[in-house]
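A short worksheet on the structure shown next.
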Amino acid sequence: MGQIVAVCTSKHKGEQKKEVGSAMLVKDLGLAGDAHAGFAHRQVSLLALESIQKMREKGLALRPGSFAENLTTEGLELFTIPIGTRLKVGQDVLLRVTQIGKECHHHCEVYQKVGDCVMPREGIFTEVLQGGKVCAGDDLEIYPSARFAVITVSDKGARGEREDRSGPLIAEMLLPWGDVSGAFIVPDEVTAIEKLLIKLADEGKADIIFTTGGTGLSSRDVTPEATRKVIEREVPGIPEAMRWASLQVVPQTMLSRAIAGIRGQTLIINLPGSPKAVKENLAVFLEVIAHALEILTGRGSECGKE
170 MGQIVAVCTS KHKGEQKKEV GSAMLVKDLG LAGDAHAGFA HRQVSLLALE SIQKMREKGL
230 ALRPGSFAEN LTTEGLELFT IPIGTRLKVG QDVLLRVTQI GKECHHHCEV YQKVGDCVMP
290 REGIFTEVLQ GGKVCAGDDL EIYPSARFAV ITVSDKGARG EREDRSGPLI AEMLLPWGDV
350 SGAFIVPDEV TAIEKLLIKL ADEGKADIIF TTGGTGLSSR DVTPEATRKV IEREVPGIPE
410 AMRWASLQVV PQTMLSRAIA GIRGQTLIIN LPGSPKAVKE NLAVFLEVIA HALEILTGRG
470 SECGKE
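For the sequence shown, position 95 (counting from the first letter as 1) is numbered 264 according to my numbering, and the numbering increases by one without interruption.
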């Protein structure tokens, strides 16, 4: 566990940043009002106070923001954190580490004074997966990344006759919590779906498996049947909540036969086939995904808290 010591911004690139106390981190952009916001994968920069102290020992009077970092931290050795790691800031913000250090093309004022700069070695860069307000004093912690798998069930998709848009959408929506390690397309056949679900769950390749497609009334819609064959315990509240929320948008939702359940320590959730319906339904589950993952992986207790 670490802490945010300072939040720093600047209006122009190439200048030291100033402490502002708090600011908004915007998804896929960075720190609102900062000159470096939106800079590719280096949206937010972090540097530890411990690293700044190394340069202070060379006789320099340095403060947070002197190395143009957005967030000055304390308590975590940032440069040892692997790329891809998710960091939670405060209650809501989720960042993903994208780069450790950087090549310094134009030596900063600090380097020119002492011939050295710690930012290229020990600073890190992140992208904003989930935005929110960040303040000095907020907790900073390494956030466990979940493992997801996505199975698109489609006869045409399996034959290469239809582009899969729902699978990639699911992966994008899941980014704050983890990466999709496996994405598959299978035909609308019970055996094919069943075998893949068993393989992914029993080999421990995913904490949650999402299927998309095959949940309607057509004779080829067999995803719920295949799922029911492999799960050991049903979780009816998930599809019930998704149907209720989606029913407020379109009445055809009542025709969905999607189910959810657990096999071993893997949760399996059926989602609709269309990207629009996937977005509506998955958004409902994302409200509780963090707690669901805590329970599934043994990191949390049962649902006693409000």
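Ideal Cβ placement from N, Cα and C applies to all residues, glycine included.
Remark: C-beta atoms of S335 and T381 approach each other more closely than 7 Å. Under the three-state reduction of DSSP, D308 is assigned to strand. Apart from sequence neighbours up to five positions away, the residues of its chain that approach E246 with a beta-carbon distance below 8 Å are A217 and E219, ordered along the chain. As DSSP reads the structure, E243 sits in a beta bridge with Q172. For M193, the uninterrupted beta strand (DSSP E) run begins and ends at S191 to V195, by DSSP. By the C-beta criterion, the region 433–452 is judged to be in contact with the region 378–392, since at least 3 inter-stretch pairs fall below 8 Å. For G406, the enclosing alpha helix (DSSP H) covers residues G406 to L416. Counted as a single uninterrupted DSSP element, the beta strand (DSSP E) harbouring S214 occupies residues V213 to A217. The residue among L440, D307 and A361 with its C-alpha nearest the C-alpha of V319 is L440.
When secondary structure is reduced to three states using DSSP, F379 falls in the strand class. Per DSSP, V287 is not a residue of any alpha helix (DSSP H), being assigned neither H nor E. With respect to the C-alpha of S387, the residue from S323, A352 and V399 having the closest C-alpha is S323.
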